[in-house]
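A.B. asks: For the sequence shown, this note's numbering assigns the number 286 to the last residue and increments by one with no breaks.
Don't be surprised by glycine CBs; every beta carbon is placed ideally from N, CA and C.
Dropping the structure in here first, questions after.
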Amino acid sequence: MFPQNGQPAYSPGRLALITILQFLEGLSDRQAADAVRGRIDWKYACALELTDAGFDASVLCEFRARLLEGKQEAVLLTTLLTRLCMEGLLAGRGKQRTDSTHVLAAITMLNRLECLGETLRQALNVLATEAPDWLSAWLPSAWAERYVHRFEEYCLPAKKDEQYALASLIGADGLHILTHIDQQTEWQ
99 MFPQNGQPAY SPGRLALITI LQFLEGLSDR QAADAVRGRI DWKYACALEL
149 TDAGFDASVL CEFRARLLEG KQEAVLLTTL LTRLCMEGLL AGRGKQRTDS
199 THVLAAITML NRLECLGETL RQALNVLATE APDWLSAWLP SAWAERYVHR
249 FEEYCLPAKK DEQYALASLI GADGLHILTH IDQQTEWQ
């Protein structure tokens, strides 16, 4: 599943732990990578030096892709749950949800939401630079609050229906922008 030559910056075991922490806290890849770089609790949980520089967020996406490609996603959670039971951190009598596809899908959805929101925010930034008067003439005031900050700084919704609602809202906002661009005759 991982190359034998060369030494990866982060072991698969550590990336698995980071993936679990990411899921538990409902973080996107970028937010999880920031947590590894900047949060002492994550550094201790991952057995990292406090000075560890972390890694790029794309490493987590690549790790999940390798898990799925190697059909190892179920092994990840089963191994973790077994180890937690051995350490006495989970009661052996209780039923534990070990659906790894649920974990990976939840993380993927958060990443897609972040990308979607950040794409629209970036488009608005370009329009604000290139055509500020045109943009301010029709820009809904609610958008200033919604798109002023980077989406990685947001606490993205945890519930699936709220995630879909946010995705629909961003999509509708994008369509609103495209409609105004199509109606613009000065640029043609």
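1) Expressed to the nearest angstrom, what Euclidean distance is found between the alpha-carbon atoms of Ala145 and Ser156?
2) When the Cα atoms are used, what is the spatial distance from Ile268 to Thr149?
3) Flag this pair as yes or no: are the beta carbons of Leu158 and Ala114 separated by less than 7 Å?
4) What are the start and end residues of the alpha helix (DSSP H) that includes Lys141?
5) For the stretch 198-217 against the stretch 258-267, are there 3 or more C-beta pairs whose distance is under 8 Å?
6) If you measure from the CB of Cys144, is any heavy atom of the ligand NAP nearer than 6 Å?
7) Gly152 and Arg135: beta carbons closer than 7 Å?
8) What's the gap between the Cα of Arg121 and the Cα of Pro110?
C.D. replies: Here's the rundown:
1) So the two alpha carbons sit approximately 21 Å from each other.
2) Each residue's alpha carbon lies about 38 Å from the other.
3) Ala114 is positioned such that its CB atom lies no closer than 7 Å to that of Leu158.
4) Note, Lys141: alpha helix (DSSP H), 138-143.
5) When C-beta atoms of the stretch 198-217 are compared with those of the stretch 258-267, three or more pairs fall below 8 Å, so the two segments count as touching.
6) With respect to the ligand NAP, the structure offers nothing, as it holds no ligand at all.
7) The Cβ-Cβ distance between Gly152 and Arg135 falls below 7 Å.
8) The amino acid at residue 121 is misidentified as Arg; the sequence shows Phe. CA-to-CA, the gap between Phe121 and Pro110 works out to about 16 Å.
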